[in-house]
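Residue numbers (my numbering): 148 to 710.
For each residue, glycine too, the CB sits at the ideal point set by N, CA and C.
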């Protein structure tokens, strides 16, 4: 009994020492460095890139398009205010003019802003006439405020919006004020001192420079784009500034700076969409002042080499896309997310260079709103691409290198999925194991069949030949357990020291790599601490298994048998 117990304890001790930990997980160190058609998001993720989903650049009113304002209507048409075209035009998706109000309908009309009201009428600002008009579909004027003959009402109106209470909010630019006017024409609220620029009053609270935009928010506050003040302000009914972005009186493009903002729109998530006209960009700014998105760089965000030039309005459409009045480029642009995009990793060794592995799992971390999806494919060494779902890989997935490819898709250009990470589960593979032969004949290139094993195992294990010192150059036979080359070519010529211990085979692959054949420029990560520990465990197991086995047999021989 004592002999049996001692043998069991020795066997358990050898098992602890000689058996390495197999399972490990490798995670993508920098998901945004992958190469493909996806774009880096505003955080540590990749998303579908912006693209132009609609564009309009036709002449209107016999002149090049000169959009001073634009908005997408609930019926899907677009309302355009074209200064040089001397009119307001409603166009369908195919560009046909379905309604207009021009200088032929109102003498000397020079429109700078127009918006469609809930009652179907159109509110139009004729800047040069210091007038705001409400026009019915039949072109009848049903309400107006201001006139060229009466400068006491308006001096330089730029925009006007009808509020739910029936009043009208007007940005009176060179009057340095924002007015709320009742239906009867009474001024019931004002921010800014008439004719007094903030620059001349130390940018004290209550003053504006030249405001070109003002809208009433759902919380009762007023959002103002102060063009010459290079800032956007949120003001309470009492005139207190509770939020602002931009450095008062300073034009700039750095963090916290604006240059001639001409419109501002509060979005549902609390951020603010700004037409930063002087910087030729559209900004989305969070409440804490963080720039969530910046669009305007030529050749990026779906834009061509022209980029944006003096944008006068950027707005979110009812479907969630961005609609931009790109004034100096004489066009309208609608930006949305591309329908699909893909990224591909490089060949990944999971931090164990030259080690043949069994890949056990491959999973992608993603955010997929309704109408979007993320699909994942992989290949082992240079084998065929395979699709995976659920994370687990087939049990016979063996090889040295794994490559993955992620595809994002959306049915709605206003919504994009996000790729946030990829994880790979793996473990070192024994020298000979199921899956050494792939279905395409290349060793270690994916799934395969199990090799038949001999029916009777020899009593003693054959001695493993010791690798000579120095580099070894020659053909490594996959049937002997050596892995294939970096590109999965059968019977590839490899060089480097080869070490075999306790049934495990390690090698160093040829470092002469055809870079152009790699799927990505992303370099393989440095070996992880877990990988180094695993390698150490493998070497320790091989080095200690023989002396420990001898010690165990010697110890057993001293145990008395007469009990």
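{"Query": "Beta-carbon gap between residue 373 and residue 384 smaller than 8 Å", "Result": "no"}
{"Query": "Alpha helix (DSSP H) runs wholly inside the stretch 175-251, at least 4 long, in chain order", "Result": "none"}
{"Query": "Span separating the alpha-carbon of residue 565 from that of residue 248", "Result": "44 Å"}
{"Query": "Residue 272 beta carbon less than 8 Å from that of residue 259", "Result": "yes"}
{"Query": "Backbone secondary structure at residue 346 - three-state DSSP", "Result": "helix"}
{"Query": "Contact under 8 Å by Cβ, residue 379 with residue 391", "Result": "yes"}
{"Query": "Member of 288, 479 and 552 whose CA lies at the smallest distance from the CA of residue 509", "Result": "552"}
{"Query": "One or two residues paired with residue 351 in a DSSP bridge", "Result": "Bridge partners of residue 351: none, in fact."}
{"Query": "Backbone secondary structure at residue 299 - three-state DSSP", "Result": "coil"}
{"Query": "The stretch 475-488 in contact with the stretch 204-219 per 3-pair CB rule at 8 Å", "Result": "yes"}
{"Query": "Cβ-based burial, residue 723 [other Cβ within 10 Å; buried from 16]", "Result": "The displayed coordinates of the chain run from 148 to 710. Any statement about residue 723 would go beyond what the structure contains."}
{"Query": "Status (buried if at least 16 other CB within 10 Å, exposed otherwise) for residue 335", "Result": "exposed"}
{"Query": "Residue closest to residue 333, alpha-carbon to alpha-carbon, out of 316, 322, 361 and 200", "Result": "316"}
{"Query": "Rounded straight-line distance, which links the Cα of residue 511 to that of residue 338", "Result": "52 Å"}
{"Query": "Contact set for residue 288: own chain, Cβ-Cβ below 8 Å, skip 5 residues either direction", "Result": "253, 280, 281 and 282"}
{"Query": "Contact set for residue 290: own chain, Cβ-Cβ below 6 Å, skip 5 residues either direction", "Result": "281"}
{"Query": "Cβ neighbours of residue 471 in the same chain (closer than 6 Å, five flanking residues each side left out)", "Result": "458, 461 and 480"}
{"Query": "Nearest-angstrom Cβ-Cβ length linking residue 417 and residue 405, presumed shorter than 8 Å", "Result": "Actually they do not touch by this definition, with Cβ atoms about 19 Å apart."}
{"Query": "DSSP-derived helix/strand/coil call for residue 404", "Result": "coil"}
{"Query": "Residue burial classification, residue 256 (beta-carbon count within 10 angstroms, cutoff 16)", "Result": "buried"}
{"Query": "Reduced DSSP category for residue 546 - H, G, I as helix; E, B as strand; rest coil", "Result": "strand"}
{"Query": "Close beta carbons around residue 532, own chain, < 8 Å, minus the five adjacent residues each side", "Result": "524, 525, 526 and 552"}
{"Query": "Best match in 318, 292 and 297 for proximity to residue 331 [C-alpha to C-alpha]", "Result": "292"}
{"Query": "Those residues which DSSP pairs with residue 504 across a bridge", "Result": "546 and 575"}
{"Query": "Distance, residue 194 Cα to residue 325 Cα", "Result": "40 Å"}
{"Query": "Residue 443 classed as buried or exposed, judged by whether at least 16 other C-beta atoms fall within 10 angstroms", "Result": "buried"}
{"Query": "Close-in-space but distant-in-sequence residues of the same chain around residue 344 (CB under 6 Å, 5 per side omitted)", "Result": "323 and 356"}
{"Query": "Boundaries (first-last residue) of the beta strand (DSSP E) holding residue 420", "Result": "419-423"}
{"Query": "Residue 430 versus residue 573: straight-line alpha-carbon distance, rounded", "Result": "43 Å"}
{"Query": "Residue 494 - DSSP class collapsed to helix/strand/coil", "Result": "coil"}
{"Query": "Which listed residue (318, 419, 464 and 434) has its alpha carbon closest to that of residue 360", "Result": "318"}
{"Query": "Cβ-based burial, residue 364 [other Cβ within 10 Å; buried from 16]", "Result": "exposed"}
{"Query": "Spatial distance of residue 96 from residue 515 (CA atoms)", "Result": "Because residue 96 is not part of the residues shown, which for the chain are 148 to 710, the question remains open."}
{"Query": "Supposed close pair residue 468, residue 482 - CB separation, criterion 8 Å", "Result": "6 Å"}
{"Query": "Residues near residue 414 in its chain [Cβ-Cβ closer than 8 Å; skip 5 each side]", "Result": "420, 431 and 463"}
{"Query": "Residues that residue 713 bridges to, as DSSP identifies them", "Result": "Absent from the model: residue 713. The displayed extent of the chain is 148 to 710, so no value can be given."}
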